[in-house]
Amino acid sequence: MDASDQSTDCAPLAALFYAPDGVPSLASIRSALSPALRFSISNAPDESEGWVELLREGLTFDLRGLAGGPPCAFPNIGGSLGIGEAEVRALTPLLLAPGPHLAGAGRLLPVIRGAVGLLVDLARISGAAAISWLPSRSALAPALFERAVQPWLDGGPFPALALTALHREDGGGVRSEGLKFLMGQEFLLEPKPSSTGDHTLRVAVRLVDWLVAHGPVTAPVEAILAGTGAVLLEAPEWDRIVARCC
Numbered sequence: 001m002d003a004s005d006q007s008t009d010c011a012p013l014a015a016l017f018y019a020p021d022g023v024p025s026l027a028s029i030r031s032a033l034s035p036a037l038r039f040s041i042s043n044a045p046d047e048s049e050g051w052v053e054l055l056r057e058g059l060t061f062d063l064r065g066l067a068g069g070p071p072c073a074f075p076n077i078g079g080s081l082g083i084g085e086a087e088v089r090a091l092t093p094l095l096l097a098p099g100p101h102l103a104g105a106g107r108l109l110p111v112i113r114g115a116v117g118l119l120v121d122l123a124r125i126s127g128a129a130a131i132s133w134l135p136s137r138s139a140l141a142p143a144l145f146e147r148a149v150q151p152w153l154d155g156g157p158f159p160a161l162a163l164t165a166l167h168r169e170d171g172g173g174v175r176s177e178g179l180k181f182l183m184g185q186e187f188l189l190e191p192k193p194s195s196t197g198d199h200t201l202r203v204a205v206r207l208v209d210w211l212v213a214h215g216p217v218t219a220p221v222e223a224i225l226a227g228t229g230a231v232l233l234e235a236p237e238w239d240r241i242v243a244r245c246c
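Shown next as structure tokens:
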């Protein structure tokens, strides 16, 4: 059986990064398992293959690049939070992909939630130095990633700062990256002339949560965002939203 990240239908969703001499092995993951964790090993080929299938809440994911097997190619990383980008590029990645029975389902929120929860557990037990949600091309320090996603795993708002990247643009706007993976569209948020950069970023975070909940914008619509007010949304092109603070 091949690891599922060999399939384009099960492309990797995320990466965990380690110091070159600290990459976990199948044996180290197996020894770290405990009843407190919410995942188990569901398929373990020979350690020389360098991958393992993990089961979490009925969903399987393949973790590839383990010590003792072939390394993974370094993923496309465009930025970082809580850790220097040069530090990330000196690390060694493991890639996490949906299992074969989830082929084509990697964009569904239950699968994403399962992968995110698994990343948190794996980072805790394996000494990861950084985590990247690959559609956003951004790497985060594990503590920052966990702080961002745990409220969502507990039923709170979508973790915009962990599962998308929000880039400040010249002129004070904010551009999303990684949202297209979730709903087929990215946005450019244009601020009010009187708005501060921090306020516009808060609006962008709220807007990600609203768009994930409501889906693609197909006609002009006013989004009412909790705590930040209304934003007018238009899609001049199918994959691009222009958002204007009202």
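Residues 1 to 246 (full-length UniProt numbering) make up the sequence shown, in order.
For every residue, glycine included, the Cβ atom is placed at its ideal position computed from N, Cα and C.
Can you tell me whether DSSP reads Ala14 as helix, strand or coil?
-> Ala14 sits in a strand when the DSSP states are folded into three classes.
What distance in whole Å lies between the Cβ atoms of Glu49 and Asp62, which are believed to be in contact at a cut-off of 8 Å?
-> Going by Cβ atoms, the distance from Asp62 to Glu49 rounds to 11 Å, so no, they are not a contact pair.
Where the alpha helix (DSSP H) through Asp46 begins and ends = Per DSSP, Asp46 belongs to no alpha helix (DSSP H) and is neither H nor E.
Measure the C-alpha to C-alpha separation of Glu222 and Arg30 and round it to an integer number of angstroms.
-> 50 Å
Alpha carbon to alpha carbon, what distance is there between Asp209 and Leu94?
-> 28 Å
Proximity to Gly104 [Cα-Cα], best of Leu166, Ser28, Ala19, Cys10 | Cys10
How long is the line joining the alpha carbons of Leu232 and Arg113, rounded to whole angstroms?
-> Pairing Leu232 with Arg113, the inter-Cα distance amounts to about 29 Å.
Measuring CB to CB, does Leu179 end up less than 8 Å from Arg206?
-> No. Outside cutoff.
How big is the Cα-Cα spacing for Leu96 and Leu166?
-> Separation of Leu96 and Leu166 (C-alpha to C-alpha, rounded to the nearest whole angstrom) is 23 Å.
Cα-Cα separation between Leu172 and Val116, rounded to whole angstroms = Contrary to the premise, residue 172 reads as Gly rather than Leu in this sequence. Distance between the alpha carbons of Gly172 and Val116: 31 Å.
Could you give the DSSP three-state label for Met1: helix, strand or coil?
-> Confidence at Met1 is low in this model, with a pLDDT of 39, below 50, so the placement of that residue should be treated as unreliable; the coordinate-derived value is given next. It is coil, neither helix nor strand.
For Ser194, name the three-state secondary structure that DSSP assigns.
-> coil
In angstroms with no decimal places, state the Cα-to-Cα distance between Asn76 and Tyr18.
-> 16 Å
Leu26 versus Trp51 - alpha carbon distance = 7 Å
Beta-ladder partner(s) of Glu234, from DSSP | Val242
By DSSP, does Pro100 sit in helix, in strand, or in coil?
-> helix
Per DSSP, what kind of secondary structure is Leu22 in: helix, strand or coil?
-> With the sequence shown as reference, residue 22 is identified as Gly, and Leu is not the correct amino acid for it. Gly22 falls in the helix class under three-state DSSP.
Mapping DSSP to helix, strand and coil, what is Thr200?
-> helix
Output the residue ranges of the beta strand (DSSP E) runs that lie fully inside the segment 117-165 and measure 3 residues or longer, sorted by chain position.
-> List check, beta strand (DSSP E) in window: 130-133, 138-140.
Under 6 Å Cβ to Cβ from Ala3, same chain only, skipping five residues before and after it: list those, please.
-> Here Ala3 scores only 48 on pLDDT, less than 50, and its place in the model should not be relied on; the value that follows carries that caveat. Hits under 6 Å: Trp51, Asp62, Arg64.
Buried or exposed: where does Phe145 fall if 16 or more other Cβ atoms within 10 Å of its Cβ makes it buried?
-> buried
Within 10 angstroms of its Cβ, does Phe74 collect 16 or more other Cβ (buried), or is it exposed?
-> exposed
From Glu169 to Val242, what distance separates their C-alpha atoms?
-> 13 Å
Who does Gly229 pair with in a DSSP beta bridge?
-> Leu225
Neighbourhood of Met1 by C-beta, 6 Å cutoff - its chain only, sequence neighbours within 5 removed | Legend: pLDDT at Met1 = 39, less than 50; position of this residue unreliable, no value from coordinates given.
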